[in-house]
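Start counting the sequence shown at 2; every next residue gets the next number (our numbering). A virtual CB, placed ideally from N, CA and C, is assigned to each residue, including glycine. Scroll down for the structure; my scribbles are underneath it.
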Amino acid sequence: MIFFSIPEIVDNVKNSQKNPFRPHLEKDSCDEEVIHMIKKCWTEDPTERPDFQALKSIIRRLNKDNDSGNILDNLLSRMEQYANNLEALVEERTADYLEEKRKAEDLLYQLLPK
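Okay, structure coming up:
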């Protein structure tokens, strides 16, 4: 197994243009269905990625011993909350950006001679 330092990972992600940087997954390191799920999450097309509900059901099905179920459920719900919060934040920042852009364009049109 190959381990990268944090700066190496960041550089690899920044510099990968055609083929996105993804870690190598060894087949014997975990269940093949888990590897398949991870690769689906890495898909570049967001519409092909599983949503949190699908991930929850897959992970629950794969989680054979329910001892860590509460921890797993907690982690998944936090990830879902984080994703929803991030989406709302992006929408808010985009709206702020568009408003500032409109103001700047209005000011520019006022300053330029006709």
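Using beta-carbon positions only, say whether residue i and residue j come within less than 7 Å of one another.
i   : j   : result
K41 : P51 : yes
Below 7 Å CB to CB, which residues in the same chain sit around residue i once its five sequence neighbours on both sides are set aside?
i    : result
K166 : What is shown of the chain runs 2 to 115, which leaves residue 166 out entirely.
Among the candidates the options, whose CA atom is the shortest distance from the CA of residue i?
i   : options               : result
E27 : I10, P21 and F4       : F4
E45 : M80, L99 and S17      : S17
D32 : Y110, R62, Q82 and S6 : R62
Contact check, residue i vs residue j under 8 Å by CB: the rounded distance?
i   : j   : result
F53 : L76 : About 11 Å separates the two Cβ atoms, so there is no contact after all.
I10 : M38 : At roughly 21 Å, the Cβ-Cβ gap does not stay under 8 Å, so I10 and M38 are not in contact.
Within a Cβ cutoff of 8 Å, which residues of the same chain sit near residue i, ignoring the five residues on either side of it in sequence?
i   : result
V14 : P21 and F22
Cutting at 6 Å between CB atoms, please list the residues of its own chain near residue i, excluding the five before and the five after it.
i   : result
I36 : L26
A84 : none
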